[in-house]
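As you go down the protein sequences, you meet chains U and X in turn. Each residue of the first sequence is one higher than the one before, starting from 1 at the first, in this note's numbering. Each residue of the second sequence is one higher than the one before, starting from 1 at the first, in this note's numbering. Inspection log for the structure reproduced underneath, given as structure tokens.
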Amino acid sequence: MGVVRSYGDRRALDGFTVSIPAGSVFGLLGPNGSGKTTFVSLLAAMEAPEEGTLRVFGEPPAPRLRARMGTVFQENAQDPLLSAEEYLTLAGRVFGVPGSILKARIPSLLSSFGLGDRRGDAIASLSGGMRRRLDVARALLHGPDLLILDEPTTGVDPEERRALWDRLLGSERGRRTIMLATNDLAEADSVCDQVAFLRAGQVVATGTPAELKRGLRKEAVRVTLNGPVDERIERIRSWPGVGAVTLDGTELHVTVDDAATFVPRLFEHAPGAVRAIAIQAATLEDAYFQHIGSRTARTEVAV
Amino acid sequence: MSALSATVALFQRDIKAVIRSRSQLYSSMFTPLLLLVLLGTGVSEGLDPAKLPGNGNFTAYLVAGSVVMTAVFSSTFSSASYYRDRDSGILRMLLSAPHDPHWILLGKSLAGVAIGAAQALIVLAVAAPFVDFEWQYGIPLGIAVCLAVVLLLNLFLGGVAQAFASRIQTMQGFHLVMNLALFPLLFFSGAFFPVDNLPMWLEILARINPLSYAVDALELATYADSSAAFFGLAIDFVVLGGLAVGVYTLGVARAPKLTFSGK
Numbered sequence: 001m002g003v004v005r006s007y008g009d010r011r012a013l014d015g016f017t018v019s020i021p022a023g024s025v026f027g028l029l030g031p032n033g034s035g036k037t038t039f040v041s042l043l044a045a046m047e048a049p050e051e052g053t054l055r056v057f058g059e060p061p062a063p064r065l066r067a068r069m070g071t072v073f074q075e076n077a078q079d080p081l082l083s084a085e086e087y088l089t090l091a092g093r094v095f096g097v098p099g100s101i102l103k104a105r106i107p108s109l110l111s112s113f114g115l116g117d118r119r120g121d122a123i124a125s126l127s128g129g130m131r132r133r134l135d136v137a138r139a140l141l142h143g144p145d146l147l148i149l150d151e152p153t154t155g156v157d158p159e160e161r162r163a164l165w166d167r168l169l170g171s172e173r174g175r176r177t178i179m180l181a182t183n184d185l186a187e188a189d190s191v192c193d194q195v196a197f198l199r200a201g202q203v204v205a206t207g208t209p210a211e212l213k214r215g216l217r218k219e220a221v222r223v224t225l226n227g228p229v230d231e232r233i234e235r236i237r238s239w240p241g242v243g244a245v246t247l248d249g250t251e252l253h254v255t256v257d258d259a260a261t262f263v264p265r266l267f268e269h270a271p272g273a274v275r276a277i278a279i280q281a282a283t284l285e286d287a288y289f290q291h292i293g294s295r296t297a298r299t300e301v302a303v
Numbered sequence: 001m002s003a004l005s006a007t008v009a010l011f012q013r014d015i016k017a018v019i020r021s022r023s024q025l026y027s028s029m030f031t032p033l034l035l036l037v038l039l040g041t042g043v044s045e046g047l048d049p050a051k052l053p054g055n056g057n058f059t060a061y062l063v064a065g066s067v068v069m070t071a072v073f074s075s076t077f078s079s080a081s082y083y084r085d086r087d088s089g090i091l092r093m094l095l096s097a098p099h100d101p102h103w104i105l106l107g108k109s110l111a112g113v114a115i116g117a118a119q120a121l122i123v124l125a126v127a128a129p130f131v132d133f134e135w136q137y138g139i140p141l142g143i144a145v146c147l148a149v150v151l152l153l154n155l156f157l158g159g160v161a162q163a164f165a166s167r168i169q170t171m172q173g174f175h176l177v178m179n180l181a182l183f184p185l186l187f188f189s190g191a192f193f194p195v196d197n198l199p200m201w202l203e204i205l206a207r208i209n210p211l212s213y214a215v216d217a218l219e220l221a222t223y224a225d226s227s228a229a230f231f232g233l234a235i236d237f238v239v240l241g242g243l244a245v246g247v248y249t250l251g252v253a254r255a256p257k258l259t260f261s262g263k
């Protein structure tokens, strides 16, 4: 039976079922409000499920098991008045890391995350990217077996993002389980061993990124339309070889078996409707939108 | 014109925000009115130097009240740090530690008690050389009594503040409700005038006021030359001790319920 957790009338998790292999990087992907943070709260025994069973390290969630977890929250979890070093010292003490170990580990972690020369600076003076890196360093401080990352690279520039993942995955891949809750599908595609798509508190698909992409049409065609969708465009969903069709404003996104066949037919079928076209191999993003529904909450072409 | 429109929009938004914040709306008007009625009556009826117990030195008499007032302010500000920690996010990190959240919040709360007690004792220490205290139990025992009273008082106030913080979502609302709850108690605790010369209804209020027993014990230890016209140390410690343990335990048990989502 899946896990159920409600807040009033709203079911944040509604029959949620997932299995995260030890040592893997597992991506939990879903739109805002799909239940990712609720799942994190249940994992950490901050809340209890109303129905269903949850196991962490083979046991029901309990506060003591948090000693084996490190969590990077969606928003920074810092006191801006503390220095980076003071913050890590506080976190280490709260998580029961002996002082002698902290003395060695804090400079090493700060240096490893590019914060060595800012160790004495107030957190308030650090950039957004630095604060995110500091939070990741804090989550690793007590050597957790499970690292929970809730949108860890929000506000981090691409170069820092790469460096952060290199640090997390470089020498330690397989040593600890990483659960990544994110909306960044490209990031999940590049770092996750397995992913689950979450919608309205339920897992709607799970597997490796390759497995999820395998179920898709081979290519994705992005079409910029000259105007609103009309009947001619709506009809393309019934064409053979066409998969998911989603719309964001005047941007049409279609997964197809063969773009070389689809594109000429589109121009022939709807002359003057198309302003631009881009063709690419199907990505995890395509798989995500196929399962989750639409690219935005605005419009989806009716079948 | 668009600037004026923006001004009007913000004006309307802030008016709506105040109207929707019932605690702010009511308590900001109710507190001054309450003080007008209660303090006005208290001062006119009770503040007669000739009726002061002991040596009649009003400055010396006020010291105990000032100490209690310091504890009231300090406990309010210390407990407001819950909101700062929640908003900065550090509470989230603390609650992810492998302990029952009550232990984490107990540490925060005890820090508030310690700060409140230290500030109150500093006020006493600064005032003592300049006023005419009797120290009827001797200075060492008097100081010990003050220390115990200040600790118990801060435990009680910390519990009250924590219980309110567990229910009130915003820091502004918390400050207003604390002011509304504690300031009338402060004025009718004997902090500014003796409570035994008041009209009966106010005297009854003073006798069921927990702060009265802290003021009473501090007056007995420092200002008074006898126990006449006071409740007595035994009663003070029974009431204060019971309230401190009971309310603080309740406050810690009802510690703000927060999850990782901050709700």
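Glycine included, every Cβ here is placed at the ideal spot set by N, Cα and C.
Under 8 Å, do residue i and residue j count as touching if we go by C-beta distance?
i, j, result
"U/Ala186", "U/Leu149", "no"
"X/Tyr213", "X/Ala60", "no"
"X/Phe164", "X/Val177", "yes"
"U/Val221", "U/Val263", "yes"
"U/Leu252", "U/Ile279", "no"
"U/Gly243", "U/Thr224", "no"
"U/Gly201", "U/Leu13", "yes"
"U/Ile123", "U/Asp79", "yes"
"U/Pro60", "X/His99", "no"
"U/Arg141", "U/Ala91", "The sequence as given places Leu at residue 141 of chain U; Arg does not occur at that position. Against a cut-off of 8 Å, the Cβ pair of U/Ala91 and U/Leu141 comes out as a contact."
"X/Leu211", "X/Leu233", "no"
"U/Leu147", "U/Ala84", "no"
"U/Gly155", "U/Gly114", "no"
"U/Glu50", "U/Val4", "yes"
"X/Leu147", "X/Leu110", "no"
"X/Gly112", "X/Ser78", "yes"
"U/Leu144", "U/Arg93", "Here residue 144 of chain U is Pro; the residue named in the question, Leu, does not match the sequence. Going by C-beta atoms, U/Pro144 is not nearer than 8 Å to U/Arg93."
Can you pull the chain U neighbours of residue i, defined as C-beta to C-beta under 7 Å?
i, result
"X/Ile168", "Per Cβ cutoff of 7 Å: no residues; X/Ile168 is ~20 Å from chain U at best."
"X/Asp100", "Pro63"
Does any C-beta atom of chain U lie closer than 8 Å to the C-beta of residue i?
i, result
"X/Arg13", "no"
"X/Leu95", "yes"
"X/Leu202", "no"
"X/Val215", "no"
List the residues of chain X whose Cβ lies closer than 8 Å to the Cβ of residue i, in chain order.
i, result
"U/Asp79", "Asp85, Ser88 and Ile90"
"U/Arg138", "Met93"
For a cutoff of 8 Å on Cβ pairs, would you count residue i as touching chain X?
i, result
"U/Pro63", "yes"
"U/Glu59", "no"
"U/Met46", "yes"
"U/Ala210", "no"
"U/Asn32", "no"
"U/Phe305", "In the structure as shown, chain U starts at 1 and stops at 303, and residue 305 of chain U therefore has no counterpart that could be examined."
"U/Arg66", "yes"
"U/Glu151", "no"
Name, please, each residue of chain X whose Cβ falls closer than 9 Å to the Cβ of residue i.
i, result
"U/Thr304", "For chain U, the structure presents residues 1 to 303; residue 304 of chain U sits outside this window and is missing."
If the cut is a Cβ gap below 7 Å, which residues of chain X does residue i touch?
i, result
"U/Val94", "Leu94 and Ala97"
"U/Asn76", "Gly89"
"U/Ala91", "Met93"
Could you tell me how far apart the beta carbons of residue i and residue j are, in whole angstroms, since I believe they sit closer than 8 Å?
i, j, result
"X/Ser66", "X/Val123", "6 Å"
"U/Leu284", "U/Leu198", "At roughly 14 Å, the Cβ-Cβ gap does not stay under 8 Å, so U/Leu284 and U/Leu198 are not in contact."
"U/Leu54", "U/Leu42", "6 Å"
"X/Gly158", "X/Ser75", "5 Å"
"U/Glu219", "U/Ala281", "6 Å"
"U/Phe26", "U/Met179", "5 Å"
"U/Phe16", "U/Val229", "At roughly 34 Å, the Cβ-Cβ gap does not stay under 8 Å, so U/Phe16 and U/Val229 are not in contact."
"X/Ile104", "U/Ala77", "Actually they do not touch by this definition, with Cβ atoms about 13 Å apart."
"U/Leu164", "U/Arg133", "6 Å"
Of all Cβ atoms in chain A, is any one closer than 8 Å to the Cβ of residue i?
i, result
"U/Pro209", "The displayed structure is made up of protein chains U and X, and chain A is not among them."
Note down, one range per segment and in chain order, each alpha helix (DSSP H) of at least 4 residues found wholly within the region 228-278 of chain U.
-> 231-234 and 259-269
Which ranges does the alpha helix (DSSP H) cover as unbroken runs of at least 4 residues, wholly within the region 176-221 of chain X, from first to last along the chain?
-> 200-207 and 210-218
Would you mind listing the alpha helix (DSSP H) stretches within the region 180-231 of chain U that are 4+ residues and don't spill past its ends, in chain order?
-> 185-191 and 209-214
Which parts of the region 91-145 of chain U are runs of the beta strand (DSSP E), unbroken and 3 residues or longer, counting only runs that do not cross its ends?
-> none
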